[in-house]
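Protein chains in written order, with the numbering used here: chain H, 1 to 322; chain A, 323 to 541; chain G, 542 to 1086; chain U, 1087 to 1570. Glycine is no exception: its CB is placed at the ideal position from the N, C-alpha and C atoms.
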Amino acid sequence: MSFLILLARVIGSFAHIALVLAAAPAVIGLVGVLRARLLGRRGPAIWQPYARLRRLLRKDVLTPETATDLFPLWPYVCMAAMVTAAALVPGFCTGLVTAPLSDVITLAGLLALARAATLLAGLETGFGFGGAGAARDLLFSVFVEASLLVLLLTFGLIAHTQTVDGIAEALRASHIGISVSLGFALAAMLAIALTETGRIPADNPAGHLELAMVHEAMLLEYSGGLLALFEYAAMLRLIVWMDLIGTIFLPFGMARAQDVLSWPGGLALWAGKLLVMAVALCLFEVSTAKMRVFRVPEFLGVAMLLGVLSSVFLFVAARIGG
Amino acid sequence: MSLVYQLSHLLGGVMLLCAFSLLSQRRLAAMIMLYQIEAITLSAAAFWQGFAQNADDLYLTGAITLVIKAILLPIGLRQIVLRFGLIRAVETAMPVGLSMILGVGLIGVAVLVVLPITVSSVSLTREDLAISLSIVLLGFLMMTARRNALAQVIGFLSTENGLVLAATGMPGMPFVAELSVALLVLLAFLVVGVFLLRIREHFDTLDLTGLEDIERLGR
Amino acid sequence: MIGLPGQGLHWRVDALSALFLVILIPQVVAGALAGMRGSVAYWVFVAGMVLALAAGDAFTLIFGFELMSAASWLLVVQGDRRPATLYGGVAIFSGACLIPALFLQAGGLAFGLILLGAGAKAGLAPLHSWLPRAHPAPAAGVSAVMSGGMVKVALYVIIRYGFVVFGPAVQPWWGTALIAAGVAPVLIGALRAMLEVELKTMLACSTVEHVGLIAVGLGLALRAKALGDVGLAALGLQAALLCVVAHALFKPLLFIGVGAVKAATGTSSLNWLGGLMRGMPRLGGLMLAGAAGMAALPLGPGFAPEFLLLHAVLASAGGGGILARIGFTALLAALGLSAALALGAGVRLIGIGFLGRPRSLHAAAAEDIGGGTLAGMVLLAGLCVPVALLPGFVLARLAPVIILAVPGTVPPALAYAPLALALLMAVAGGAAWLVLRNAGTRREVAAWQGGFGPAPAWLPFGDPATQPSATGFAEPVWRAIGLGILGPGQVDPGEALVLAPLARINTRAARVAERIRRATVRQRLAFVFGALVAALMLLGLVQGR
Amino acid sequence: MSFAALGVSLPFAAAILAGLWGTPAQGARLNAVAGGLVFLVTLCVPFGPGAGLIHADGLGMLFGVLTGFVSFTTALSNLGFVRLGEAQLSLRRWRVYHAMCLVLVGATLLGLYADDIGLLWVAVEGATIAATLGVSLARTASALEAAWKYFILAGVGIALALFGTMLVYLAAQPALGPGLPALSFAALSAHAGRLDGALLTLAFVFLLFGYGTKAALVPLHGWLPDAYAEGPAPLTTALSGLMLNVALVAILRFRHLMQANAVAGGGALAPGPFLITLGLASLLLTGFSLPRRRDARRFFGFSSIEHSGIVAFAFGVGGVMAIFGGLLHLVLHTLVKSALFQALTRAAAMRGDASPGQFNFSRLRGLAQSNKFLAWVLAACIFTLAGLPPSGLFASEFIIISQTIQRAPWASLPLGAGLLLCAVAIIRKIGPLLFGAAPARTQAQPAGGAAYLAGMHLALTLGIGFAMPWALYDLLHGIAAGLQ
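Below, the structure is given as structure tokens:
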């Protein structure tokens, strides 16, 4: 019997990875279409990002002469880190084969590795925009890391385990319901996710103004296949954060890898969750403007305080709850 | 109260009076005169103790004190005063009134310290010890209260007198101590003399302020 | 007999001192290979460390400890005289604190003195600001062994006395004190590592940060041991000891690398380097491995200790009262902040120093390293690989030390499997490579100048001003955080709050002593006379009663 | 005529001869020969201690040998000093200088071997007058000022010591009666319990102030820095260092009398606090005075005050091990300090002339260019004073600190602070000395005898400090137990 369960979990994991990799460009496309519709424009088709990636793959790769011979290495490292992170974060079902690996600190480490690769890519060619973008991204990452760890403490305290998979299991099983600390944690998590994926308040994904851009500045010198890798990594980053928020804050109805019967329900729920979050993201992006670079640290500082408050309220709740 | 005690007590008192009045003097000549009286009284006390304890080395000490400290030394000091023309008053480092008060305080300290300690020994030595300690402390105060080199030397010699008085008061103190005290006075005078001549060559006055400027340069 | 008259020297090597002796060997060999073979002071320095670690009794420990300090002081003097006196002062201060502590009976005061003494030498909270000024002064090989080995000997003394000798008498506040003494250097060290321009000073600040991390790990373990939670104590100790091992490998690697950079380009200031990867590929590769350790990136040697430490903090935040919860949450935020700053420092070291365009002719014309330096760095990098990829194996080797320090515990298993992660990343990377292999051709073109005019003829590699400088790269972090903590003059709070006031007191007292020395003959007589009369009056009062 | 008496009278006889005959070079050779003979005599003293007025007990033997050895090596390095500094003094002054050297050695030995406290006082007084004449040899204003300061302060100190001696005699009356036995150390320490305790305490205060002046304990230290900075170096620095030993040994003996009396309930106060206070005062004041000194001899004069403060502190702490630590510190410090001054004089001679005013640290910068061996020996001497491990003084300071924390914990904080301040001030001077920029046009010069003598001293210090033979350990421990 246990062999069958293992086989189911392996197939489940492969299915999960394939689905996440396939769905990443689709989510970006969905967000683009929804954004355009909200702004009253027709907007590009959902499959537009797939076309963009295929076009980039066919184009030549231009290497600047001032770049060192590590130039092509960074895209591979960044993409590999994001793929691994995607594999670890459960999507439509929990209990994946990679579950024991999906430790929250390892996840934070992988995101940091991807960020480091992008920063070094920015500094690679040695011209102004790459360095400026890298400096800003580093400033954001300092506050993101601090807030993220405090949030992980809250999730760890609620679920008494350190793996994302375990948190999902614990939150799905027990009916935690709406609690003050989870509310604060959600607000903080959203702020961090927006900054990490380079959405509106921290960085304008659609804008190309050299002075304002953060993530795109670091990829200016890349072209062809290497740029495709970086773009794909950015798409993966968005779907990983969506999966993370989905598993922690909307855990109900997630399938279990062992019993195959629950997969269809899980898949449907997962697609629904992605859609809901994409709509929420577009609504938020349309309603606010990009912040000045040095206002973002305060924005993330608020997120960190919310994280601390959530862990403190958790303590108070546990005490009062008896 | 036996005659021995009364007379030594009297001589000790005279020496204490001279040491105390040294503090009030401003002119070198008067200081030298007071010192001479003190030395004469000391030699008398030494002779008297020699007679009282019939120890012949005290007679020798009395003779040495009389010859060197009472006669030769004041002559040498007066020669120095004449050669450098130091007739006018000597500058003092602290007001004379204050030094007098301190002098009384010192005598009080000496008495406070010596009397309870020596309750077991003979009253004569207790008395003698208290007086000699007072003279030593007064001589010391004299050295710190005057800026003139010669005045400091006189204070130093007054302290020596206190010591010799204490030595004569000790019953059966071996002779060795006497010789060394004399040796000290002789050499002290020799060295001081040599110094004073040299001070004169380098500064026009005996005053120590010249020396103090050197120290203030700081090395 | 050799040693203290009447007692002599005693040796004793148990699991704890064996561990620290083993981690000493690679960096000493690397330091010797990096050009310190001939220096007598260097070998006396190493002998002092070995003596301190293998000491059986108090005298031998202090003798080795101070011999190590004295020899390293001489090496610092040979390097640069300005910080030498401060370094010597701290060394003597730590000896002056340790000697009394070893003769007091086990208790709070003794541990406090040891924390102060050994902490000053290691660079913990009150006295940490001297380390970034003194460690860069001597030659690279010596700085490597100072940061990698000497700091560890000081921490060894804290472990030896905190856990083993004073073991039964441990109290929870000892752990809290050690955590407090550790968290400030972590934050300040990481921030200054991000802002310093001089490479060696940056690495010294990173040492201060890593010593802080180790101290936090030890503090957690000590507090857990005092509260009876043996499992958490083992976790904290695992974090601290693994950090000791990892830091003892990648920090000397970086220091020797920086020494090689200074030898090749004549400067170690980041604002004059750049594009070294092109001229010095071998050095660049090794420095990349070292920087991965410093930045605590996954698959690097530095990540496993950080992983264990954060888990220890997460676990200990669970228990305890409201104050403990707030305290540990704040500690977690600080650790997160400094982890990101450390990442920034690593990226800045490699990005500004080795990538991009050369900022000076020397940087452009640098030749690669060879001979002893290369051999030493390859040795250290080679040893970094097992620590990076097989932390489980290394932790198994540390188990006897942990059982010695926290009796009756079973070291927990490690939840971080770098090999599996590496496999996943390799598969993903391989797939991407296959897809890209037959994609378009690859051509080398001139990059866009970023809107600036063409560089003048005498700057073949382009105008350095159009390239982000080290200070510029750190400027956003400086404006957001640095200004608050370090103040406008970028002065380390340890300097402003501890060393500067002490210097002022010393000057004022020296002025008083100078007045006493310049007293005239009469005044000196007055001193003597006053003391005599005071003694007599005291005697009179005492005897009179 | 026991060896001790011979050891004392030999230098005096040689002094008379040196004072009346011979050119400077011949005087130096006579000095060296006399020094050698005296060293041999002090070596055989342990085999025939003898009895009566001048005889050597354990303490006297140890420090007698040390004095003999140091005066012999100083006389040897004096040969070089005289040859180079020929023009400094006139013929008559050289004779006075050699005579005073020998008188100082003789007085020191008399002070160590004298069993009679009166004779001890005479020895100290004779040594003071010899040293004062030595300081006043040079005819400069600062030399004169130093000599005058030395004479007045030392004279006052001696007066107080004499008064203390008489009080001890008075205190001994009830137990030993009038006459010579009341002045002999042996008899006094035998009957210490039955002496008059209150009088003994008063005597100890005066003796502490008297011999404390000779041992240069703060606040009685005024004369030492200036006396060390003036006059020909071998006399006023190396030899007068031996004078500190006599004073500290005397203080140790009187302390033993008082401690024994206090223990036996004779009514005397415990001597510890007095010595601890003076020791700490010396340590802390020098800690703050050292950093600003620019003249090397004055700097190391203050360092001597610091180390005699440490020794007095160790005697104040009391107990066998603390006294052992104090004696060990005294022995090691004497060896290192005399080696230091010999090397320093040679270094100054290399950089121009070795006359008193020429010992500024700025003149001695970058000594390695002049002579590598001498530079490292001088640096090693200075480093040994700081007390960090490779120096023998670390062993004694370790013992003293460990005893302090056990017997007088409240005193360990100021002790630690004082040691830290002084050590930091001392190691500050080594950097510029070794690695500083040498003045222009300095060429390499031969090291000369003084450097090798100083090196030998250092090796001896290291040997005694860290590889002490059992025989010496038993001797020292026995002495310490006796004087506990």
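- The alpha carbon of G/I720 has as its nearest neighbour, out of G/G769, G/G753, G/F606, the alpha carbon of G/G753.
- Judged by beta-carbon spacing, U/V1124 lies within the 8 Å limit of U/V1191, meaning their Cβ atoms are closer than that value.
- By the beta-carbon neighbour count (other beta carbons within 10 angstroms, threshold 16), H/D69 is exposed.
- Rounded to the nearest whole angstrom, the C-alpha separation of G/L761 and U/C1467 is 46 Å.
- Interface flag for U/I1238 against chain A is set, since a Cβ pair is found closer than 8 Å.
- The Cβ atoms of G/I700 and G/L890 do not sit closer than 8 Å to each other.
- For G/R984, the uninterrupted beta strand (DSSP E) run begins and ends at 983-986, by DSSP.
- Interface criterion met: the Cβ of A/M495 is under 8 Å from a Cβ in chain U.
- Comparing C-alpha distances from U/R1280 to each of U/A1526, U/Q1174, U/A1354 shows the shortest one belongs to U/A1354.
- Within chain A, L428, V431, L459 have C-beta atoms less than 8 Å from the C-beta of G/V1074, given in sequence order.
- Put simply, the segment 1250-1260 of chain U touches the segment 1270-1290 of chain U. At least three CB pairs are less than 8 Å apart.
- CA-to-CA, the gap between U/A1524 and G/I633 works out to about 29 Å.
- In this model, G/R823 and G/A883 are separated by some 24 Å (Cα to Cα).
- Setting aside the 5 residues that flank it on each side, H/G29 is surrounded in the same chain by P44, A45, I46, W47, Q48, P49, Y50, each with a C-beta closer than 8 Å to its C-beta; the list follows chain order.
- Partner residues in the beta bridge of G/S810, as assigned by DSSP, are G/E739.
- Using a CB distance cut-off of 8 Å, U/L1175 does not count as an interface residue toward chain A.
- For H/A255, DSSP records a beta bridge to H/C93.
- H/L62: not part of any alpha helix (DSSP H); member of the beta strand (DSSP E) spanning 61-64, first to last residue.
- Sorting G/E1036, G/R1052, G/F1070, G/A1060 by C-alpha distance to the C-alpha of G/W671 places G/E1036 at the top.
- Under the three-state reduction of DSSP output, U/W1309 falls in the helix class.
- Burial check for A/Q371: the Cβ neighbour count within 10 Å reaches 16 or more, so the residue is buried.
- Not one beta carbon of chain A lies nearer than 8 Å to the beta carbon of G/M743.
- If only uninterrupted alpha helix (DSSP H) runs of at least 4 residues are considered, those enclosed by the segment 1365-1409 of chain U are 1382-1403.
- Taking the beta carbon of G/L1066 as reference, the chain U residues within 9 Å of it are I1238, L1239, V1242, G1308, listed in sequence order.
- Contact with chain A is absent for G/R1052, since none of that chain's Cβ atoms lies less than 8 Å from the residue's Cβ.
- Look at the segment 827-880 of chain G and you find no whole run of beta strand (DSSP E) that is 3 residues long or longer.
- With respect to the 8 Å criterion, H/A257 and H/S13 are classified as neighbours on the basis of their beta carbons.
- Listed as beta-bridge partners of H/T163 by DSSP are H/D103.
- With 16 or more other Cβ atoms from the protein chains shown falling within 10 Å of its own Cβ, A/L459 counts as buried.
- When the five nearest sequence neighbours on each side are left out, the beta carbons in the same chain lying within less than 6 Å of the beta carbon of G/A599 are those of L643, in order along the chain.
- Annotated as distal: H/T84 and G/L960, with beta-carbon spacing of 8 Å or more.
- Shown here for U/V1168: same chain residues with a beta carbon closer than 8 Å to its own, the five before and five after excluded, namely P1110, A1111, G1113, A1114, W1180 in chain order.
- Within the same chain, and ignoring the five residues on either side of H/A36 in sequence, the residues whose Cβ sits closer than 8 Å to its Cβ are R42, G43, P44.
- DSSP places U/G1298 inside the alpha helix (DSSP H), whose first and last residues are 1283-1300.
- For A/I476, none of the residues of chain G pass the 7 Å Cβ criterion, the least Cβ distance being about 14 Å.
- Across the segment 44-65 of chain H, CB contacts with chain G closer than 9 Å involve L56, L57, R58, K59, D60, V61, L62, T63, P64, E65, in sequence order along the chain.
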